[in-house]
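Going letter by letter, the sequence shown gives residues 1 to 253 in the UniProt record's numbering. Every residue, glycine too, gets a C-beta built ideally from N, C-alpha and C. From a predicted model like this one, the values you see are computed outputs, not experimental measurements. Accompanying notes for the structure given below.
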Amino acid sequence: MLPNNMSANRQGNMSGRPSRRHKFIRRLLLFRQMDFELAMWEMLNLCIAPSKVYRNITYHKQTKNQWARDDPAFLVLLAGCLCITSVGFSVYFWFPWWKLLSFALWVILFDCVVIGCIISTAGWHLSNKYLRLETPHTTDEKVEWGYCFDIHCNSFFPLVLILHVLQLVLMPLLNKQTFISVFLADTLYLCAVSSYIYITFLGYSTLPFLGNTVALLFPAVAMLGTYIMCILLQINLTTTVLYMYGIESTGPQ
Numbered sequence: 001m002l003p004n005n006m007s008a009n010r011q012g013n014m015s016g017r018p019s020r021r022h023k024f025i026r027r028l029l030l031f032r033q034m035d036f037e038l039a040m041w042e043m044l045n046l047c048i049a050p051s052k053v054y055r056n057i058t059y060h061k062q063t064k065n066q067w068a069r070d071d072p073a074f075l076v077l078l079a080g081c082l083c084i085t086s087v088g089f090s091v092y093f094w095f096p097w098w099k100l101l102s103f104a105l106w107v108i109l110f111d112c113v114v115i116g117c118i119i120s121t122a123g124w125h126l127s128n129k130y131l132r133l134e135t136p137h138t139t140d141e142k143v144e145w146g147y148c149f150d151i152h153c154n155s156f157f158p159l160v161l162i163l164h165v166l167q168l169v170l171m172p173l174l175n176k177q178t179f180i181s182v183f184l185a186d187t188l189y190l191c192a193v194s195s196y197i198y199i200t201f202l203g204y205s206t207l208p209f210l211g212n213t214v215a216l217l218f219p220a221v222a223m224l225g226t227y228i229m230c231i232l233l234q235i236n237l238t239t240t241v242l243y244m245y246g247i248e249s250t251g252p253q
């Protein structure tokens, strides 16, 4: 009797996924129905106590029967933060209005959404294929793609604060080719990427049906090696990334 019930629940979850996606998309246009207070609480705790956010998500799973968010408020606030920081970069580098618009769209649509979808799809595939626990006492529950994208958004927010806010504030100091500038700039990127990796690890390790999630921390070792190499070769990651974005790194345009 129990296996039949479990099978029915799985079928119900699968049939409910399209309706959940449609509900999420519809709510993007209904600002009054978004819980911005919860989203801001999550953003604050992602910076000071990210494990609290994932404990709250566990409670969400118990009440809503899904791991992924059903409220787009966090994504809307994240996009708003990227718009504001894009204006900050445009003011500092004296962007014309069309370059501000293209920069903001690139940061939101490509850096956040497209890259996020690629990382989320990779995490979704790898976690379901290699990290799921296969024991007689576990259910056939699988990682939701939407939850993987939520993990990306959670991890992306502290990275934005470091690379879009703190880096912009320190730009007059970082935008040079001295040893101190290289050291500070590269350390900033090390902290940003490491925080992304750690919060991503927390997100997957929260799922009770996944094991060996510590493997998700391995990219931090590669990042540390890259950091040391950049310091030794005097590669300033701030000026390098600015060049990749087509921004003149010698000062405001």
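Nonlocal neighbours in the same chain, by C-beta distance under 7 Å from residue i, ignoring five residues either side
i: S194; result: A220 and M223
i: T213; result: L131, F201, Y204 and S205
i: V53; result: E42, N45, L46 and N154
i: C230; result: D186 and L237
Distance between beta carbons of residue j and residue i, contact taken as under 8 Å
i: L173; j: S181; result: 6 Å
i: S51; j: L202; result: 6 Å
i: T206; j: I57; result: 7 Å
i: L210; j: S102; result: Not really, about 39 Å apart at Cβ, beyond 8 Å.
Cβ neighbours of residue i in the same chain (closer than 6 Å, five flanking residues each side left out)
i: D150; result: A68 and R69
i: F31; result: none
i: G88; result: L168
Per DSSP, cross-strand counterpart(s) of residue i
i: R55; result: The partner list for R55 (beta bridge, DSSP) is empty, contrary to what the question assumes.
i: R132; result: L210
Beta carbon of residue i nearer than 9 Å to that of residue j
i: L100; j: S86; result: yes
i: I108; j: A79; result: yes
i: L217; j: I199; result: no
i: I162; j: A192; result: yes
i: C148; j: L75; result: no
i: C81; j: F179; result: no
i: T238; j: L188; result: yes
i: I247; j: F93; result: yes
i: A39; j: L77; result: yes
i: Q66; j: E134; result: no
Cutoff 8 Å; reference residue i; Cβ partners in own chain excluding five residues on either side
i: C83; result: A104 and I108
i: L184; result: L170, L173 and L174
Residue environment, residue i, which counts as buried when at least 16 other CB atoms sit within 10 Å
i: Y243; result: exposed
i: E42; result: buried
i: A215; result: exposed
i: V114; result: exposed
i: L46; result: buried
i: S7; result: Residue placement at S7 is poorly supported in this model, since its pLDDT is 44, which falls under 50; the coordinates still yield a value, given next. The residue in question, S7, is exposed, as its Cβ has fewer than 16 Cβ neighbours within 10 Å.
i: W124; result: buried
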